[in-house]
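Which chain is which? The protein sequence lines are A and B, in order.
No gaps in the numbering here: position 226 of the first sequence is 1302 in my numbering, and each next residue is one more.
No gaps in the numbering here: position 44 of the second sequence is 57 in my numbering, and each next residue is one more.
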Amino acid sequence: MDIFIQQIINGLVLGSIYALVALGYTMVYGIMGLINFAHGEIVMIGAMVALTVVKLLVNSGLPVFIIILIALAGAVAVCMAVGYSIERIAYRPLRRAPKLAPLITAIGVSIVLQNLAMLIWGRNYHAFPPILPDAQFDIYGATITSLQVTIVLIAALMMAGLIVLIHRTRLGRAMRATSENPLIAQLMGVNINQIISFTFVIGSALAAVAGLMVSANYSIVHFYMGFMLGLKAFTAAVLGGIGNIAGAVLGGILLGLIESLGAGYIGDLTGGFLGSHYQDVFAFFVLICVLIFRPSGLVGEKISERA
Amino acid sequence: MMTLAHSLGAWRCDKRAAIAATIAMGLMLAAFPFMIGSALGNSWLRIVDFALLYIMLALGLNIVVGFAGLLDMGYIAFYAVGAYLYALLASPHFGLHLPVWLIIPAGAVLAGVFGVLLGAPTLRLRGDYLAIVTLGFGEIVRIFLNNLNAPVNITNGPQGVSGIDPIHLGGITLAKPLSILGFTISSLHAYYYFFLALALLIVFITIRLENSRIGRAWVAIREDEIAAKSCGINTRNIKLLAFTMGASFGGVAGGLFAGFQGFVSPESFNLMESVMVLCMVVLGGMGNIPGVILGGILLTILPEVFRHGAGPVQMALFGKILLDPEALRMLLFGLALIVVMLYRPAGLWPSTTRRREFRGESTTDALKEGE
């Protein structure tokens, strides 16, 4: 039983991170109908920047809390700038282009960012300095660290903030209008270029936070880390119903739980035939099953048959 | 390859010119490996052989993405199926050494079956949902290849299968220099001709498919599935057929790859490879056969040019290696993808109809303009 609880905790932590990244995918998709393939790399850039700042300041004598805050600010600023420029350079000129063209530039951007990171930070794995307090709590035999609690709380807070932003503010209304119908939104006086840029910037900020969380929790940063993470987060967004904010949160947490429970129990379920290295298979298998029965995700709107 | 399209175009207008063009083209293709071999060396000849394999792959994916408009991001799985089938049936791993003429068609059939396996449950999905499911499918195949070494060792896991038999036809093996009529050609040349023959066969099949009833049905589904259905097209079967045909081409290319390389491992079939083949199709000009061939050639050659260029150019400019050549090469490659798509959003060589459509610029929905 304690293993079960432990896996649930791990799944929640992983799921919160997935959810934060998935939000970036889903917001961009909702507004532009575009898979922002480079989003995972933004997470990686965020993790790298945060790590660099932490390493610079680790011996400065500042309190840990301040160091993390500065690192976070740096990562968020850099990621926002990167997200904004990606949209300006690689996506905006292609808004009227055939649908697959921006997908290819997105792949190009992803390759560029990955290799840029490799040039700047090298191809080694970096370890996150162990500066964080490692208080542990005991829950029915399972342990949860203070870091894990913080991750889940911050993620929840940010998601709540985003939902308030989208549903309660003028800007959020403009975003929803743009996603509904950009042309009409424009007629109503919405500056859609601004809104789209803003969407990218917000998504990138969330990605930066997720990047810091990943590097702090799993203590490993690598130029290639964004790829798989981005893939999983995108899977989560689709699982929930892409373009839907609540769906991304639900999908992210669900995917995190599925993965860690899958990793823990897949061996028992299959009588030892499949080991824990099949956890990705498990995740994708669940995705495929869900999509067979709900082709537009768990909470996605039914896509109208396009005429 | 440019002349190929021209000769094909000319075929319809003037037979005599066409025959002349075809002969000239044939001679050029026949002489090509010798020019490359003597001018640039054998490593480039190897790259040309790979380019031919990628052309086959890109043409296969073009059926699914370009003709039928189904975004498949796990295409490399079929390549893997073909390659592993060859590797398991013709290597010391199981002690089996079946003949090539049996394995390659078997690879095509097995890959086709996998195509149906992927296609059948995903028929209801659209656009990007299909993309993520196919992507997941590709990853699942790769993970299984990576882990099926226990409890029963089938794929030999991450180490891959080595010592695979080279491609041999009748009593002739392509792995050793061949002498025909007192004229000796090296193994790489022999592979070139063999791959070229199969690539041309696949080009021929795709051209015939494109202009057939089936090809028109694919395009109809791509343009508007509901309209296609109401015109009496059995969209389910036609879509499945697209998946199967595309997959079987991938299976053939995979078998050839295994025989050529002599070694397969799951690493050769990761997601990036699928993405690469997709880039070939889209960058070349989706749905247009000469464009796709061009895309296949360019995207195979370009990284190699950068690979060979990145180190020496830095040495010449700065006297030392400032930037990691491997990272620099992919960086340039990524930039090339972006720049090409920005300047030619419909691909380098789009079909005439697509180009016209794109210029015609429908203004109904400026932002979310459809495919």
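We put the beta carbon where it would ideally sit given N, CA and C, even for glycine.
The structure presented is a predicted model; accordingly, all values stated were derived computationally and were not measured.
Pick out the complete alpha helix (DSSP H) segments inside the stretch 209 to 265 of chain B, 4 residues or longer, and give them in chain order. Taking only runs of at least 4 residues, the alpha helix (DSSP H) segments lying wholly in the stretch 209 to 265 of chain B are 226 to 236 and 238 to 243.
Under the three-state reduction of DSSP, which class applies to T1245/A: helix, strand or coil? Along the first sequence, read from residue 1 onward, the residue named residue 1245/A stands at position 169. If DSSP states are grouped into helix, strand and coil, T1245/A belongs with coil.
As an exercise, report each continuous alpha helix (DSSP H) stretch of at least 4 residues that is fully enclosed by the stretch 1255 to 1320 of chain A, in chain order. Qualifying alpha helix (DSSP H) stretches, in chain order: 1258 to 1263, 1268 to 1294 and 1301 to 1316.
Just confirm the distance between the C-beta atoms of L1170/A and L355/B, as a whole number of angstroms; I'd bet it's less than 8 Å. Translated into the one-based positions of the first sequence, residue 1170/A becomes position 94. Translated into the one-based positions of the second sequence, residue 355/B becomes position 342. Rounded, the Cβ-Cβ distance is 7 Å, consistent with contact.
Partner residues on chain A for N162/B, Cβ-Cβ distance less than 8 Å: Here residue 162/B refers to the residue found at position 149 when the second sequence is read from its first residue. Chain A residues near N162/B: none, gap ~11 Å exceeds 8 Å.
Taking the beta carbon of C1155/A as the centre, do at least 16 other beta carbons fall within 10 Å, making it buried, or is it exposed? Numbered from 1 along the first sequence, position 79 holds the residue referred to as residue 1155/A. It is buried - the Cβ of C1155/A has at least 16 other Cβ atoms within 10 Å.
Below-8 Å beta-carbon distance, L253/B vs any chain A residue: Within the second sequence, residue 253/B is the residue found at index 240, counting from 1. Interface with chain A (8 Å Cβ-Cβ cutoff): L253/B is excluded.
Pick from A163/B, S200/B, N250/B and P338/B: whose alpha carbon is nearest that of A81/B? Numbered from its first residue, the second sequence carries residue 81/B at position 68. If we check each option's Cα against that of A81/B, N250/B comes out closest.
How would you list, in chain order, the residues of chain A whose beta-carbon sits under 7 Å from the beta-carbon of M328/B? Position 315 of the second sequence holds residue 328/B. Simply none; closest approach about 17 Å.
Minimum length 4: unbroken alpha helix (DSSP H) runs contained in the stretch 24 to 91 of chain B: Runs found: 28 to 53 and 55 to 74.
Euclidean distance between Cα positions of I1143/A and V305/B: For the purposes of this step, residue 1143/A is taken as residue 67 along the first sequence, with counting starting at 1. For the purposes of this step, residue 305/B is taken as residue 292 along the second sequence, with counting starting at 1. Their Cα atoms are separated by approximately 52 Å.
Exposure of K28/B, with buried meaning 16 or more beta-carbon neighbours within 10 Å: Looking up residue 28/B in the second sequence gives position 15. When all chains shown are included, K28/B counts as exposed.
Strictly below 7 Å CB to CB, what residues from chain B border Y1167/A? To locate residue 1167/A, count along the first sequence from 1; it is residue 91. Chain B residues near Y1167/A: none, gap ~10 Å exceeds 7 Å.
Proximity test, Cβ basis, 8 Å: V1129/A and chain B: Counted from its first residue, the first sequence places residue 1129/A at position 53. No, V1129/A lies away from the interface with chain B (no Cβ there is under 8 Å from its Cβ).
Please identify the residue among G332/B, S243/B, P325/B and I180/B whose C-alpha is closest to the C-alpha of A96/B. On the second sequence, residue 96/B is found 83 positions in, with the first residue counted as 1. Ranking the options by Cα distance to A96/B, first place goes to I180/B.
Meets three-Cβ-pair contact criterion under 8 Å: the stretch 1170 to 1184 of chain A and the stretch 288 to 297 of chain B: Touching, yes, given that three or more Cβ pairs across the two stretches are closer than 8 Å.
Which chain B residues sit within Cβ distance under 7 Å of H1353/A? Locating residue 1353/A in the first sequence gives position 277, where the first residue counts as 1. Near H1353/A (Cβ distances below 7 Å), the residues of chain B are N160.
Hey, would you say G275/B sits closer than 8 Å to G170/B, going by beta carbons? Numbered from its first residue, the second sequence carries residue 275/B at position 262. Numbered from its first residue, the second sequence carries residue 170/B at position 157. The Cβ-Cβ distance between G275/B and G170/B does not fall below 8 Å.
In this structure, does DSSP put T1221/A in helix, strand or coil? Position 145 of the first sequence holds residue 1221/A. Residue state for T1221/A is assigned as strand, using DSSP reduced to three classes.
Could you say which of F1204/A, G1343/A, C1365/A and H1353/A lies nearest to T1128/A if we only look at CA atoms? Indexing the first sequence from 1 puts residue 1128/A at position 52. A check of alpha carbon separations from T1128/A across F1204/A, G1343/A, C1365/A and H1353/A identifies F1204/A as the nearest.
Classify V165/B as helix, strand or coil using the three-state DSSP reduction. Mapped onto the second sequence, residue 165/B falls at position 152. Coil at V165/B, not helix or strand.
Beta-carbon separation of A1166/A and G1122/A under 8 Å? Residue numbering aside, residue 1166/A sits at position 90 when the first sequence is read from its first letter. Residue numbering aside, residue 1122/A sits at position 46 when the first sequence is read from its first letter. Contact: no.
Give the DSSP-derived three-state secondary structure of Q1083/A in the structure shown. Along the first sequence, one-based indexing puts residue 1083/A at 7. Here Q1083/A carries a helix assignment [DSSP, helix/strand/coil].
Whole-Å CB distance - V265/B paired with G120/B, under 8 Å assumed: As a working mapping, residue 265/B is identified with position 252 in the second sequence. As a working mapping, residue 120/B is identified with position 107 in the second sequence. Confirmed, about 6 Å.
I need the straight-line Cα distance from F1369/A to L1192/A, nearest angstrom please. For this step, residue 1369/A is matched to residue 293 along the first sequence. For this step, residue 1192/A is matched to residue 116 along the first sequence. C-alpha separation (whole angstroms): 41 Å.
Against chain B, which members of the stretch 1179 to 1201 of chain A pass a CB distance test of less than 7 Å? Listed by position along the chain: I1180, T1181, I1183, G1184, V1185, I1187, V1188, N1191, L1192, M1194 and L1195.
Should I1227/A be counted as a contact of the ligand SAH given a C-beta to heavy atom distance under 7 Å? The ligand SAH is not part of the structure shown, which contains no ligands of any sort.
Can you give me the Cβ contacts of G1137/A inside the same chain, cut-off strictly under 8 Å, excluding the 5 residues immediately before and after it? Residue 1137/A sits at position 61 when you count from the first residue of the first sequence. Counting only Cβ-Cβ distances below 8 Å, and skipping sequence neighbours, we find nothing.
Between M1251/A, I1183/A and A1281/A, which has its C-alpha nearest L1148/A's C-alpha? Within the first sequence, the letter at position 72 stands for residue 1148/A. Looking only at M1251/A, I1183/A and A1281/A, the smallest Cα-Cα distance to L1148/A is reached by A1281/A.
Would you report the Cα separation of N1269/A and A1253/A, rounded to the nearest angstrom? Position 193 of the first sequence, counting from 1, holds the residue named residue 1269/A. Position 177 of the first sequence, counting from 1, holds the residue named residue 1253/A. Computed Cα separation, rounded: 13 Å.
Which stretch, first to last residue, makes up the alpha helix (DSSP H) that contains F1369/A? Start at 1 with the first residue of the first sequence, and residue 1369/A comes out as number 293. For F1369/A, the enclosing alpha helix (DSSP H) begins and ends at Q1355 to F1369.
Cross-chain neighbours of D141/B in chain A, by beta carbon under 7 Å: On the second sequence, residue 141/B is found 128 positions in, with the first residue counted as 1. Near D141/B (Cβ distances below 7 Å), the residues of chain A are I1111 and I1318.
Below 8 Å between beta carbons: does that hold for A255/B and C244/B? Taking the first residue of the second sequence as position 1, residue 255/B is located at position 242. Taking the first residue of the second sequence as position 1, residue 244/B is located at position 231. Taking 8 Å as the cut-off, the beta carbon of A255/B is found no closer than this to the beta carbon of C244/B.
Quick one: which residues of the stretch 286 to 316 of chain B get their C-beta closer than 7 Å to a C-beta of chain A? List them in chain order. For the stretch 286 to 316 of chain B, which is checked against every Cβ of chain A, the residues closer than 7 Å are V288, C292, V295, L296 and M299.
I'd like the list of long-range same chain contacts for Y1160/A, defined as Cβ closer than 8 Å, with 5 residues on each side in sequence excluded. By one-based count along the first sequence, residue 1160/A stands at place 84. If you ignore the 5 residues before and after Y1160/A, its C-beta comes within less than 8 Å of the C-beta of S1273, F1276, V1277 and S1280, all in its own chain and listed in chain order.
Among L53/B, T366/B and A271/B, the one whose alpha carbon lies nearest that of Y99/B: Counted from its first residue, the second sequence places residue 99/B at position 86. The shortest C-alpha separation from Y99/B is found at A271/B.
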